[in-house]
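Trainee:
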Amino acid sequence: MKRGIAGSMSWSPGSIGNQASLHLHQSLGFVVTAQMPQVGTHFGRWLDLTFMQLQLDERTGTGRDWMNQSLTLAFLIAAGIGLVVQNTLMARITQTSSTILIAMLLNSLVGIVLFVSILWFKQGMAGFGELVSSVRWWTLIPGLLGSFFVFASISGYQNVGAATTIAVLVASQLIGGLVLDIFRSHGVPLRALFGPICGAILLVVGAWLVARRSF
1 MKRGIAGSMS WSPGSIGNQA SLHLHQSLGF VVTAQMPQVG THFGRWLDLT
51 FMQLQLDERT GTGRDWMNQS LTLAFLIAAG IGLVVQNTLM ARITQTSSTI
101 LIAMLLNSLV GIVLFVSILW FKQGMAGFGE LVSSVRWWTL IPGLLGSFFV
151 FASISGYQNV GAATTIAVLV ASQLIGGLVL DIFRSHGVPL RALFGPICGA
201 ILLVVGAWLV ARRSF
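Just so you know, we're using UniProt numbering here: the sequence shown kicks off at 1 and counts up by one.
1. Look at the alpha carbon of phenylalanine 151 and the alpha carbon of valine 113, and state the distance between them as a whole number of angstroms.
2. Would you check if the distance between the CB atom of glutamine 158 and the CB atom of threonine 88 is smaller than 8 Å?
3. Buried or exposed for isoleucine 118, please, with buried defined as at least 16 other CB atoms from any protein chain shown within 10 angstroms of its CB.
4. Using the Cα positions of aspartate 65 and alanine 74, report the straight-line distance between them to the nearest angstrom.
5. Going by the CB atoms, is the gap between alanine 211 and threonine 139 shorter than 8 Å?
6. For the alpha helix (DSSP H) that contains threonine 165, what are its first and last residues?
7. So the alpha helix (DSSP H) tryptophan 137 belongs to, where does it begin and stop?
8. Smallest Cα separation from valine 168: which of Gly206, Val132, Val188, Arg136?
9. Report the residue from Gln173, Gly124, Met104, Gly127 whose alpha carbon sits nearest the alpha carbon of leucine 144.
10. The alpha helix (DSSP H) with phenylalanine 115 in it runs from where to where?
11. Specify the secondary structure class of serine 204 as computed by DSSP and reduced to three states.
12. Count the other C-beta atoms from every protein chain shown that fall within 10 angstroms of the C-beta of serine 97, then say buried if there are 16 or more, exposed otherwise.
13. Quick one: what does DSSP say serine 70 is sitting in, helix, strand or coil?
14. Sorted by chain position, which residues of the same chain lie with C-beta nearer than 8 Å to leucine 178's C-beta, five sequence neighbours on each side aside?
This is how it looks when you write it as structure tokens:
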């Protein structure tokens with residue numbers, strides 16, 4: 001190392017290559033003096049590479065993508081656990097009611113009140129105008145399918161148990177999703193589909209092992 005302008009340190013090749021890395025070393029508690037010819041050479045190089053990677057991630061958005069993926073994964077895990085709790089409670093409501101429709105209506109009413117309130121606070125009457133103008137016959141299909149999914153889930157929890165219901169639902173969803181992805185992805189080589197297809201087959205086998213005791 002050689003002493004540079006205004007007493008600052010200019011680093012030789014193989015050590016820290018820019019002033020930002022020097023500040024990073026100092027902020028981490030490394031005392032940089034002329035009596036320290038190397039600031040832990042291997043660790044210093046690793047620290048430089050890490051800092052450069054962080055700068056690259058900031059430019060390319062890689063760090064944000066990683067955060068988004070992690071957050072999405074956390075949401076999916078929470079949704080899976082929440083679905084088990086939801087269906088368990090709805091099955092319990094059904095046991096104390098004369099019909100399964102009571103539980104399904106309670107489930108739908110809570111969602112309607114929640115989303116209507118959010119839409120009102122965010123967009124006011126304009127949001128309801130957009131809602132009315134967006135209604136088409138095919139836009140009602142997701143609601144029908146969602147209601148059928150809730151009905152099938154509650155029936156499954158009551159008649160065959162939670163594990164069997166989840167196993168069959170997950171396996172069928174994976175098969176349907178895989179078929180949809182295959183139709184959407186044009187020109188994908190069969191070699192790239194080998195792994196997902198094998199995974200789907202293994203999941204179906206696992207679902208059968210879980211569900212066979214109930215049928």
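Glycine included, each C-beta is placed from N, C-alpha and C at the ideal position. Remember, predicted model here, so these are calculated numbers, not experimental data.
Mentor: For this structure:
1. 20 Å
2. Against a cut-off of 8 Å, the Cβ pair of threonine 88 and glutamine 158 comes out as no contact.
3. exposed
4. 14 Å
5. Not closer than 8 Å, so no.
6. 162–184
7. First-last for tryptophan 137: undefined, no H or E at that position.
8. Gly206
9. Of the residues Gln173, Gly124, Met104, Gly127, the one whose Cα lies closest to the Cα of leucine 144 is Met104.
10. In this chain, the alpha helix (DSSP H) harbouring phenylalanine 115 covers 100–123.
11. Serine is not the amino acid found at residue 204; the sequence shown has valine there. DSSP places valine 204 in helix when its eight states are reduced to three.
12. With fewer than 16 other CB atoms across the displayed protein chains lying within 10 angstroms of its CB, serine 97 is exposed.
13. Reduced to three states, the DSSP call for serine 70 is helix.
14. Pro196, Ile197, Ala200
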